[in-house]
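According to my numbering, the sequence shown is numbered sequentially starting from 1109.
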Amino acid sequence: MLTRTDIRKEMMRIGGRKVDAPDAIEVRYPYKNEVIGTVPAGNASHAAEAFEIAAKYQPKLTRYQRQQILFKAAQLISERRDAIATTIRLELGISQKHAIYETTRSYDVFMLAGQLAILDDGQIFSCDLTPNGKQRKIFTKREPVRAISAITPFNHPLNMVAHKIAPAIATNNCVVCKPTELTPLTAIMLADILYDAGLPPEMFQIVTGWPADIGDAMITDPNIDIITFTGGVKVGKMIADKAGYKRAALELGGNDPLIILNDLSGTDLEKAATIAVAGATGNSGQRCT
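Okay, here's the thing in structure tokens:
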């Protein structure tokens, strides 16, 4: 049984400030249905403020600086592994062993993003490829968008957020993230890790709230250029309908068949069946593989 002092009262992270709201959302340990923490029940105005901050901020981090921030974040995730894993375990309900494994996967995400951050993403094209072409070259370069809206699910509270924010940092983009109300505490921990790693707080903000109160703002705010969502098909289709001409990356549902070949022995078949059941039921069945 958790005591009142064990219950974490967290706040949103907006523009470098910790922002509260009149009402709170309880975060529960699924295994025992105990309250382990609370986050603010934010609304559309909180999201609008965060997106305005993100859109007005113009990141000036060099490639080297971005790489160092990403590497430092990976280091801090490793150093704070046990505390992060405990939070994942409590709000998701998985074992400590599996929660620790998630921290190692997120470590990899930030390290890989850091390695890619220093690569030049510009391209050069020759124009004299046709009879009418001129002997000159053109080049392209990529520039950050105004703001990215990231909406993340419960099944991997750290790794799902990491997959959205790490590439954004590598490309000098600003993200406003709304983690699911089921597992928001880990996302807030990651935000604090990134701030400690040197990331300007305007580049990664966390808003929390019930989907009915804040969901539309995460899709329709005029400062949003890109929406990235991982979750169910029904919600994904709704986002696609409301997003209009905004770019959207929608990772929806899953289809992960397990193919059993006819050369398995009886022992191997038993093992395959055990693995199949574990894979189908882990994380309430919400697994990528």
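Positions of the beta carbon are idealized from the N, C-alpha and C atoms, including for glycine. Only a predicted model underlies this, so the values are computations on that prediction, with no experimental measurement involved.
Buried or exposed, going by whether 16 or more other CB atoms sit within 10 Å of the CB of residue i?
i	result
isoleucine 1301	buried
asparagine 1267	buried
threonine 1389	exposed
glycine 1374	exposed
isoleucine 1246	exposed
threonine 1338	buried
threonine 1238	exposed
proline 1292	buried
isoleucine 1347	buried
glycine 1323	buried
phenylalanine 1159	buried
proline 1275	buried
alanine 1225	buried
Under 8 Å, do residue i and residue j count as touching if we go by C-beta distance?
i	j	result
leucine 1147	isoleucine 1161	Going by the sequence as given, residue 1147 is valine instead of leucine. Taking 8 Å as the Cβ cut-off, valine 1147 and isoleucine 1161 do not qualify as a contacting pair.
threonine 1328	lysine 1350	yes
glycine 1145	arginine 1116	yes
isoleucine 1273	cysteine 1282	no
glycine 1230	tyrosine 1137	no
glutamate 1359	threonine 1316	no
alanine 1410	alanine 1193	One cannot answer for residue 1410 here, as it falls past the ends of the chain, which runs 1109 to 1397.
glycine 1123	glutamine 1313	yes
tyrosine 1215	isoleucine 1185	yes
alanine 1258	threonine 1336	yes
valine 1269	proline 1287	yes
histidine 1271	valine 1217	yes
alanine 1325	alanine 1152	yes
methionine 1119	phenylalanine 1179	no
Expressed to the nearest angstrom, what Euclidean distance is found between the alpha-carbon atoms of residue i and residue j?
i	j	result
alanine 1356	isoleucine 1334	6 Å
lysine 1379	asparagine 1280	46 Å
glycine 1361	glutamate 1157	31 Å
leucine 1307	isoleucine 1177	6 Å
glutamate 1310	isoleucine 1277	11 Å
lysine 1354	proline 1261	21 Å
lysine 1140	glycine 1387	22 Å
histidine 1154	arginine 1174	27 Å
glutamine 1166	leucine 1366	46 Å
serine 1297	glutamine 1204	The amino acid occupying residue 1297 in the given sequence is methionine; serine does not appear at that position. Whole-angstrom Cα-Cα distance: 17 Å.
threonine 1294	threonine 1195	6 Å
tyrosine 1172	alanine 1299	20 Å
leucine 1198	histidine 1264	13 Å
valine 1341	asparagine 1240	48 Å
isoleucine 1332	threonine 1211	29 Å
tyrosine 1209	arginine 1189	9 Å
arginine 1121	alanine 1129	12 Å
alanine 1163	valine 1127	19 Å
alanine 1320	aspartate 1131	14 Å
aspartate 1376	threonine 1170	52 Å
alanine 1305	cysteine 1235	43 Å
leucine 1227	arginine 1254	22 Å
glutamine 1223	asparagine 1391	31 Å
alanine 1182	arginine 1213	10 Å
glutamate 1142	aspartate 1114	11 Å
isoleucine 1368	threonine 1382	13 Å
arginine 1250	proline 1330	21 Å
lysine 1168	aspartate 1371	58 Å
arginine 1125	phenylalanine 1233	45 Å
What residues are listed by DSSP as bridge partners for residue i?
i	result
serine 1257	Val1284 and Ile1335
threonine 1248	Gln1231
lysine 1126	Arg1121
alanine 1356	Ile1335
valine 1313	Valine is not the amino acid found at residue 1313; the sequence shown has glutamine there. According to DSSP, which records beta bridges pairwise, glutamine 1313 is partnered with Val1284.
glutamate 1134	Thr1146
Kindly indicate if chain B contains any beta-carbon less than 8 Å away from that of residue i.
i	result
glutamine 1231	Among the chains in the structure shown there is no chain B, since it carries only a single protein chain.
**OP:** Give, in chain order, every unbroken run of the beta strand (DSSP E) that is at least 3 residues long and sits entirely within the region 1137–1165.
**Re:** Runs of the beta strand (DSSP E) lying entirely within the region 1137–1165 and spanning at least 3 residues, in chain order: 1142–1148.
Subject >> beta strand (DSSP E) runs contained entirely in the region 1260–1292, provided each spans 3 or more residues >> reply: Runs found: 1283–1287.
**OP:** Could you pull out every unbroken alpha helix (DSSP H) segment of at least 4 residues lying fully inside the region 1172–1219, listed in chain order?
**Re:** Within the region 1172–1219, the runs of alpha helix (DSSP H) at least 4 residues long that lie entirely inside it are, in chain order, 1189–1200.
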